[in-house]
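Asker:
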Amino acid sequence: MISRRFLLFQSLFLLASCVASQSNNSEKLGKLVIGAVAYGEGARSLDQYQRFVQYLETRIKTLIEVEPAYNEVKAVEQIQRQAWSLVFAPPGLAAIAIAQAKYLPLYPLQGVDNLTAVLVVLKGNPIQTIPEVTGKIVALGQPGSATGYYVPLYELYGTTPSEVRIAPTPKTVLEWVAKGEVAVGALAKDELDRYRSEFSPTEFRILKTSRRIPSGSVLVSPEVERNQQRLIQQVMNEAIPAIAQEVGYIPNASPPDYKTLITFIEKVKLIEARINQKPAPLYE
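The numbering used here numbers the first residue of the sequence shown as 5 and each following residue consecutively.
1) Compute the beta-carbon to beta-carbon distance between VAL57 and TRP88, rounded to the nearest angstrom, for a pair I have assumed lies under 8 Å.
2) Among LYS263, ALA257, LEU274, which has the Cα closest to the Cα of LEU110?
3) Along the beta strand (DSSP E) that carries ILE269, what are the first and last residues, could you check?
4) Comparing C-alpha positions only, which one of VAL188, THR267, LEU126, GLY184 sits nearest to PRO165?
5) How would you call SER193, buried or exposed, if buried means at least 16 neighbouring beta carbons within 10 angstroms?
6) Evaluate GLU159 with the Cβ neighbour count: other Cβ atoms within 10 Å of its Cβ, from every protein chain shown; 16 or more gives buried, anything less gives exposed.
7) Determine the contact status of THR163 and VAL124, defining contact as a CB-CB distance below 8 Å.
8) Grab the span of the beta strand (DSSP E) containing LYS212 for me, first residue to last.
9) To the nearest angstrom, report how far apart PRO94 and SER219 are at their CA atoms.
10) With a 10 Å radius around its C-beta and 16 neighbouring C-beta atoms as the bar for buried, classify PRO245 as buried or exposed.
11) Within the segment 160–230, note down every full alpha helix (DSSP H) run reaching 4 residues or more, in order along the chain.
12) Assign LEU274 to buried or exposed, taking buried as 16 or more other Cβ atoms, counted over all protein chains shown, within 10 Å of its Cβ.
13) In this structure, does DSSP put SER27 in helix, strand or coil?
14) What are the start and end residues of the beta strand (DSSP E) that includes GLU136?
15) According to the neighbour-count rule (16 or more other Cβ atoms, all chains shown, within 10 Å of its Cβ), is LEU67 buried or exposed?
16) In the DSSP assignment, the alpha helix (DSSP H) including PRO245 goes from what residue to what residue?
17) Report, in whole angstroms, the separation of the C-beta atoms of VAL186 and ALA248, which I expect to be a contact under 8 Å.
18) Tell me, to the nearest whole angstrom, how far the beta carbon of ILE266 is from that of ALA103; I am working on the premise that it is less than 8 Å.
19) Return no unless some Cβ of chain B is closer than 8 Å to the Cβ of VAL142.
20) Using alpha carbons as the reference points, say which of GLU61, PRO72, THR62, LYS35 lies closest to ASP51.
21) For LYS35, which of helix, strand or coil comes out of DSSP?
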């Protein structure tokens, strides 16, 4: 026979478990985390999102936190864990988020209309063609970057670099090229334009320019409840232009189509295992 004391204890235990479960769910759904790549500019990134966060918190009545990642590798980890509710992602990360973590793209990011990747050398470097990269040291960006990693790897089809170095930032790629530590460096064309004056009087020459790459986008995690997704999208659509511009998205605009880039990245990933093999032709 079950005693009344046991039944009372069991009821209290179940009630406590239910309250704890509701509390945990509330905590899970009651905070949104915005992720972005900051390249070591964490404080600046937080300032950039301040008005946007205040606006979003006021409108959707939810606590919001900004979490900058200092390179694409860290960003990919957070995306694959679905730790970020919203992601302001460059194209490579956007494609990975859609293909590997089922994120939903909401808006295109502002930026270069004709985004391309470039392979650069010093102006006086004798290398004139891609096959001449064989036997040379190459610097790539972080895995996860379309302009610094995936697209340049494709452009290096058939070559056998003596070494492939992974740089933490696009600026580091140029530093290594400028110092002669690597012969060829990969980064976005707009990043080259942004940083090249900082290395004057050193001059760089573009060895190869890639095909056009779609812009980045804002994406929402599948972990965010559907009604909350709709509310976030509505509120972001209604943001004043100054707020949207500060964080770099284009309201009421369709996100880019990443189908081709996703296919492209999947093909490139097949040769990632060869990169550290010496000698190892890229794309035999």
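Just so you know, even glycine gets a beta-carbon here, dropped at the ideal spot from N, CA and C.
Every value quoted in this text rests on a predicted model; they were computed, and no experiment measured them.
Answerer: So, from the data block:
1) Within the sequence shown, residue 57 is the residue found at index 53, counting from 1. Within the sequence shown, residue 88 is the residue found at index 84, counting from 1. So it is not a contact: roughly 14 Å between Cβ atoms.
2) For the purposes of this step, residue 110 is taken as residue 106 along the sequence shown, with counting starting at 1. With distances taken between Cα atoms, LEU110 lies closest to ALA257.
3) The sequence position of residue 269 within the sequence shown is 265, counting from 1. From DSSP, ILE269 is part of no beta strand (DSSP E) but of the alpha helix (DSSP H) over 263–273.
4) The residue given as residue 165 occupies position 161 in the sequence shown. Considering only alpha carbons, the answer is VAL188.
5) Here residue 193 corresponds to residue number 189 of the sequence shown, with the count starting at 1. Correcting the residue identity first, residue 193 is Lys in this sequence and not Ser. In summary, LYS193 is buried, with 16 or more beta-carbon neighbours lying within 10 Å of its beta-carbon over all protein chains present.
6) The count along the sequence shown starts at 1 and reaches residue 159 at position 155. Taking every protein chain shown into account, the CB of GLU159 has 16 or more other CB atoms within 10 angstroms, so this residue is buried.
7) The residue given as residue 163 occupies position 159 in the sequence shown. The residue given as residue 124 occupies position 120 in the sequence shown. No. Outside cutoff.
8) Mapped onto the sequence shown, residue 212 falls at position 208. Segment 208–213, the beta strand (DSSP E) holding LYS212.
9) On the sequence shown, position 90 is the one that residue 94 refers to. On the sequence shown, position 215 is the one that residue 219 refers to. Each residue's Cα considered, the two are about 7 Å apart.
10) In the sequence shown, residue 245 corresponds to position 241, counting from 1. Exposed, since its Cβ has fewer than 16 Cβ neighbours within 10 Å.
11) Within the segment 160–230, the complete alpha helix (DSSP H) segments at least 4 residues long are 174–182, 193–199, listed from N- to C-terminus.
12) Here residue 274 corresponds to residue number 270 of the sequence shown, with the count starting at 1. Result: exposed.
13) Here the question's residue 27 lines up with position 23 in the sequence shown. Any reading at SER27 is ruled out, since the residue's pLDDT is 36, under 50, leaving its predicted position unreliable.
14) Reading the sequence shown from its first residue, position 132 is the one you call residue 136. GLU136 -> no beta strand (DSSP E), and no H or E assigned at all.
15) For the purposes of this step, residue 67 is taken as the residue at position 63 of the sequence shown. Label assigned to LEU67: exposed.
16) Here residue 245 refers to the residue found at position 241 of the sequence shown. 245–251 is the span of the alpha helix (DSSP H), which, as asked, contains PRO245.
17) In the sequence shown, counting from the first residue as 1, residue 186 sits at position 182. In the sequence shown, counting from the first residue as 1, residue 248 sits at position 244. At roughly 38 Å, the Cβ-Cβ gap does not stay under 8 Å, so VAL186 and ALA248 are not in contact.
18) If you number the sequence shown from 1, residue 266 lands on position 262. If you number the sequence shown from 1, residue 103 lands on position 99. 5 Å between Cβ atoms; contact.
19) Absent from the structure is chain B; it holds one protein chain and no more.
20) Here residue 51 is taken as the residue at index 47 of the sequence shown, counted from 1. If we check each option's Cα against that of ASP51, PRO72 comes out closest.
21) If you number the sequence shown from 1, residue 35 lands on position 31. The three-state reading of DSSP puts LYS35 in strand, counting E and B together.
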